[in-house]
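*Asks:* Residue 14 in the UniProt record's numbering sits at position 14 of the sequence shown, and the numbers go up by one each step.
Beta carbons are placed, not taken as given, at the ideal position from N, Cα and C, and that holds for glycine.
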Amino acid sequence: MRQSKADREMSDEVRRSVAAACRALAADGLVLGTAGNVSARVGDALAITATGARFESMTDAQVTIVGLDGEVLDGEFEPTSELELHLGIYRNFGAGSVVHTHATTCVAVSCVVDELPCVHYQMLTLGGSVRVAPYATFGSPGLAAAVVEALQGKSAALLANHGAVTYGADLAAAVESSKLLEWAATIYWRARSMGEVRALDQAAQTAVVQAAVEKKYGTTQPLSDIETAGA
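Shown next as structure tokens:
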């Protein structure tokens with residue numbers, strides 16, 4: 001089933017956003033060449049990068065519209081070989097966007113550990129520690145299933161000897177989580193190079209959540225509100 005005119009207009013806007021996000025990820029060094037894929041929800045479909053498209057020069061036309069059943073609804077190119085991985089995340093977690101990268105430190109860490117421990121409280125936005133999905137061939141049903149399993153209760157996962165995946169309520173959130181995951185993996189790598197890594201235990205993580213709620217962490221507050229709260 002093809003898209004209506006209104007759906008195509010909405011899809012075109014999301015296509016532009018996905019292509020721009022891809023170019024930004026390449027500029028930030030999180031992807032190299034064609035190594036990765038990005039998608040974003042468009043109503044009952046998704047806009048997803050085409051197979052073989054280079055991130056640093058991604059164009060709107062290289063983003064294909066696909067239904068949640070995997071049917072291509074609009075576009076000139078075949079969608080990424082990791083389509084099933086993306087579809088599995090949308091079906092199971094109600095995601096608004098999915099980002100898959102081969103970010104250098106994420107790949108390196110995925111070759112060594114079965115779980116990236118919670119080494120910094122900002123990782124709580126990813127669900128705390130990050131599981132490493134067992135290795136499976138790219139584009140395979142086995143990889144898609146392993147990633148869905150690794151994402152239970154999380155919004156990020158590493159793929160053994162492969163890369164990383166994050167999802168969010170929208171494209172901006174998924175991209176930011178991808179950057180955070182690579183940062184956390186880098187922190188872990190550097191800490192491990194110096195000795196035994198000290199991770200945050202459950203009590204420390206719970207305390208952070210409570211403090212974040214009480215202090216409205218991550219949001220700006222007018223000075224008058226802060227003064228009133230302290231009065």
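When DSSP labels each residue in this structure, what does residue 13 get in the three-state scheme?
*Replies:* For the purposes of this step, residue 13 is identified with residue 13 of the sequence shown, where counting begins at 1. It is helical.
*Asks:* Is it right to say residue 71 is buried, meaning 16 or more other beta carbons lie within 10 angstroms of its own, or is it exposed?
*Replies:* Within the sequence shown, the letter at position 71 stands for residue 71. Classification for residue 71: exposed.
*Asks:* Helix, strand or coil for residue 231, going by three-state DSSP, please let me know.
*Replies:* The residue labelled residue 231 in the question sits at position 231 within the sequence shown. Only weak support is given to the placement of residue 231: the predicted model assigns it a pLDDT of 46, under 50, and the question is left unresolved by the model.
*Asks:* Quick one: Cα of residue 96 to Cα of residue 209, how far?
*Replies:* As a position in the sequence shown, residue 96 is number 96, starting the count at 1. As a position in the sequence shown, residue 209 is number 209, starting the count at 1. Cα to Cα, the separation comes out at about 24 Å.
*Asks:* Keeping to the same chain, check which residues put their C-beta closer than 7 Å to that of residue 167; ignore five residues upstream and five downstream.
*Replies:* Here residue 167 refers to the residue found at position 167 when the sequence shown is read from its first residue. Closer than 7 Å at the Cβ level, and outside the excluded window around residue 167, lie 89, 93, 95, 97, 98, 155 and 174.
*Asks:* In chain order, what residues of the same chain lie with their CB nearer than 7 Å to the CB of residue 228, ignoring the 5 residues before and after it?
*Replies:* In the sequence shown, residue 228 corresponds to position 228, counting from 1. At residue 228 the pLDDT is 49, less than 50, meaning the model places this residue with poor confidence and gives no usable figure here.
*Asks:* Does the Cβ of residue 109 have 16 or more other Cβ atoms within 10 Å, making it buried, or fewer, making it exposed?
*Replies:* Numbered from its first residue, the sequence shown carries residue 109 at position 109. Burial call: buried.
*Asks:* Going by C-alpha distance, which of 87, 180, 85 and 63 is nearest residue 79?
*Replies:* Working through the sequence shown from its first residue, we reach residue 79 at position 79. It is 63.
*Asks:* Buried or exposed for residue 111, going by 16 or more other Cβ atoms inside 10 Å?
*Replies:* Within the sequence shown, residue 111 is the residue found at index 111, counting from 1. Looking at its Cβ environment, which holds fewer than 16 other Cβ atoms inside 10 Å, residue 111 is exposed.
*Asks:* For residue 200, which residues in the same chain have their Cβ closer than 6 Å to its Cβ, ignoring the five residues on either side in sequence?
*Replies:* Here residue 200 is taken as the residue at index 200 of the sequence shown, counted from 1. Cβ neighbours of residue 200 beyond the five flanking positions: 118.
*Asks:* I'd like to check one pair, residue 31 with residue 102: are the Cβ atoms closer than 8 Å?
*Replies:* Taking the sequence shown and counting its residues from 1, the one referred to as residue 102 is at position 102. Taking the sequence shown and counting its residues from 1, the one referred to as residue 31 is at position 31. Against a cut-off of 8 Å, the Cβ pair of residue 31 and residue 102 comes out as a contact.
*Asks:* When burial is assigned at 16 or more other CB atoms within 10 Å of the CB, is residue 190 buried or exposed?
*Replies:* For the purposes of this step, residue 190 is taken as the residue at position 190 of the sequence shown. Per the 10 Å Cβ criterion, exposed.
*Asks:* Quick one: complete alpha helix (DSSP H) runs, 4+ long, within the region 133 to 160?
*Replies:* 141 to 150
*Asks:* So for residue 112, helix, strand or coil by DSSP?
*Replies:* Along the sequence shown, read from residue 1 onward, the residue named residue 112 stands at position 112. Coil, per DSSP.
*Asks:* Contact check, residue 40 vs residue 171 under 8 Å by CB: the rounded distance?
*Replies:* Sequence index remark: in the sequence shown, residue 40 carries index 40 (1-based). Sequence index remark: in the sequence shown, residue 171 carries index 171 (1-based). Contact holds; Cβ gap of about 5 Å.
*Asks:* Using the Cα positions of residue 17 and residue 46, report the straight-line distance between them to the nearest angstrom.
*Replies:* Position 17 of the sequence shown, counted from the first residue, corresponds to residue 17. Position 46 of the sequence shown, counted from the first residue, corresponds to residue 46. Spanning the two alpha carbons is a distance of roughly 12 Å.
*Asks:* Would a C-beta distance cut-off of 8 Å place residue 107 and residue 163 closer than the cut-off?
*Replies:* In the sequence shown, residue 107 corresponds to position 107, counting from 1. In the sequence shown, residue 163 corresponds to position 163, counting from 1. Their beta carbons are under 8 Å apart, which means residue 107 touches residue 163 by this criterion.
*Asks:* Helix, strand or coil for residue 222? Go by DSSP, reduced to three states.
*Replies:* Position 222 of the sequence shown, counted from the start, is the residue given in the question as residue 222. Residue state, collapsed to three classes: coil.
*Asks:* If you drop the 5 nearest sequence neighbours on each side, which residues of the same chain put their C-beta closer than 6 Å to that of residue 60?
*Replies:* Position 60 of the sequence shown holds residue 60. 15, 16 and 19.
*Asks:* Could you give the C-beta distance for residue 184 and residue 123, rounded to a whole number, given that I count them as a contact under 8 Å?
*Replies:* Within the sequence shown, the letter at position 184 stands for residue 184. Within the sequence shown, the letter at position 123 stands for residue 123. Between the beta-carbon of residue 184 and that of residue 123 there is about 5 Å, and that keeps the pair under the 8 Å contact cut.
*Asks:* Between which residues of its own chain and residue 121 is the CB-CB distance below 7 Å, once the five residues before and five after are set aside?
*Replies:* For the purposes of this step, residue 121 is taken as residue 121 along the sequence shown, with counting starting at 1. 200 and 208, listed in sequence order.
*Asks:* Which residue comes first and which comes last in the beta strand (DSSP E) that contains residue 163?
*Replies:* As a working mapping, residue 163 is identified with position 163 in the sequence shown. Element bounds for residue 163: 163 to 168.
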